[in-house]
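Some notes on the structure that comes next.
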Amino acid sequence: MRIIPLVPPIKCQGIKTKLVDDIRQLVGDIEYFRWVEPFCGSCVVPFNLRPPKALLCDSNVHIVNFFRAIQDHKITAQDVREFLRDEGAKLRKQGEDYFYEVRKRFNENHASLDFLFLNRSCFNGVMRFNKKGYFNVPFCRKQDRFAAAYITKICNQVATVSSVIANVDWEFRTSEFKETIAEVTDCDFVYADPPYAGRHTDYFNSWSSEDEHDLGTRLASLPCKFILSTWHSNEFRSNHAMNDKWQNEPFHIFTKEHFYHVGSSEDLRHPMLEALVTNFRAEHNPAKREKRQQTLPLLDFLSNKESIFCEN
Ligand SMILES: C[S@@+](CC[C@H](N)C(=O)[O-])C[C@H]1O[C@@H](n2cnc3c(N)ncnc32)[C@H](O)[C@@H]1O
Numbered sequence: 045m046r047i048i049p050l051v052p053p054i055k056c057q058g059i060k061t062k063l064v065d066d067i068r069q070l071v072g073d074i075e076y077f078r079w080v081e082p083f084c085g086s087c088v089v090p091f092n093l094r095p096p097k098a099l100l101c102d103s104n105v106h107i108v109n110f111f112r113a114i115q116d117h118k119i120t121a122q123d124v125r126e127f128l129r130d131e132g133a134k135l136r137k138q139g140e141d142y143f144y145e146v147r148k149r150f151n152e153n154h155a156s157l158d159f160l161f162l163n164r165s166c167f168n169g170v171m172r173f174n175k176k177g178y179f180n181v182p183f184c185r186k187q188d189r190f191a192a193a194y195i196t197k198i199c200n201q202v203a204t205v206s207s208v209i210a211n212v213d214w215e216f217r218t219s220e221f222k223e224t225i226a227e228v229t230d231c232d233f234v235y236a237d238p239p240y241a242g243r244h245t246d247y248f249n250s251w252s253s254e255d256e257h258d259l260g261t262r263l264a265s266l267p268c269k270f271i272l273s274t275w276h277s278n279e280f281r282s283n284h285a286m287n288d289k290w291q292n293e294p295f296h297i298f299t300k301e302h303f304y305h306v307g308s309s310e311d312l313r314h315p316m317l318e319a320l321v322t323n324f325r326a327e328h329n330p331a332k333r334e335k336r337q338q339t340l341p342l343l344d345f346l347s348n349k350e351s352i353f354c355e356n
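Oh and the sequence shown: position 220 is 264 in our numbering, straight run, nothing missing.
Structure (structure tokens):
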């Protein structure tokens, strides 16, 4: 049975809420000392898998500061309720001018509560920064964005992640992926979810095919198990690494079709076949699960000709 995933309070492009269950199954009963994510983003994967010890890194300092503020009790669910109630009332009264006032304030002061406000009231919930590192997403145009029910939903998300963080030994760190991977040991388990080359490029996401190649080389020589989230293909192009790098043992490729809702152009809205690449054979192969309520042509285990299925 599919477990409803815990949804974190911060949204970001490429959030893997829909892959959490598949990743959980691939990890299965594998034992590791520390969970390492060089590209943690919203942290939806660790919040759901809840490893007792983790190193969660991202180059985006605002994401890291937000989770650290929760960890250090500088931001509580009650703080969020009061902040969004007061700021939401100003937004309701002043409209989009107020959104841009908060955006200017955030770009000067980088306050985590402003970051949350912008993340939850900007257009399409995307996270984008210009070349100077300024958040530059426009307003979602919903003046009553922070209605009481929406605030409660966000506060519940903050309360849930606070209680998860309080019970684990997690380090949130601003770090480039190369630095994070350099300190991985054979006791770790790495989940790497880089930006997809050619998509959503911005100040914190300037991901090139050279970066992709570099990451692949570093992952391939890791002393521990890893799962890489990447793209397989869409109707326009294919990821050459699937054939060039990951096709043969010890690597395995799982794929899953995913529809991107976030994106300014039609190209970004086309279905993309996502891939999960591992350097191990999954002990609890989800292929053995029954095909119940399968609503999408979901998972196709390419490298050993088996399939894994996920209920929707
Ligand atoms: C696809 S998102 C990760 C999504 C995350 N797994 C989730 O489910 O929310 C990629 C992340 O990589 C970060 N990033 C981009 N370039 C990076 C780099 N060179 N080093 C470390 N992190 C980077 C971005 O800030 C972004 O948060």
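For glycine and all other residues, C-beta sits at the position ideal for the given N, C-alpha and C.
Predicted, not measured: the structure shown is a model, and the values here were computed from it.
In this structure Arg217 does not touch Leu93 by the C-beta definition: roughly 18 angstroms separates them, more than the 8 angstroms allowed. Inclusion of Asp237 in the 7 angstroms shell around ligand 1 follows from its C-beta lying nearer than that to a non-hydrogen atom of the ligand.
Taking a contact to require three or more Cβ pairs closer than 8 angstroms, the stretch 78-88 and the stretch 130-140 do not qualify as touching.
The beta carbon of Phe159 sits closer than 7 angstroms to those of His106, Phe110 and Phe150, all from its chain and outside the five residues before and after it, given in chain order.
For the options Thr274, Lys148 and Lys60, the alpha carbon positioned closest to that of Met286 is the one of Thr274. For His276, the enclosing beta strand (DSSP E) starts and ends at Lys269 to Ser277. Secondary structure at Arg94: coil, using DSSP grouped into helix, strand and coil. Checking the 7 angstroms criterion, the Cβ of Lys60 is within range of a heavy atom belonging to ligand 1. With a cut-off of 7 angstroms, the C-beta of Glu227 is classified as distant from ligand 1, since no heavy atom of the ligand falls inside that distance.
Under the three-state reduction of DSSP, Ser86 is assigned to coil, being neither helix nor strand. Leu263 and Ile225 have their C-alpha atoms roughly 8 angstroms apart.
Judged by DSSP in its simplified three-state form, Asp102 adopts strand.
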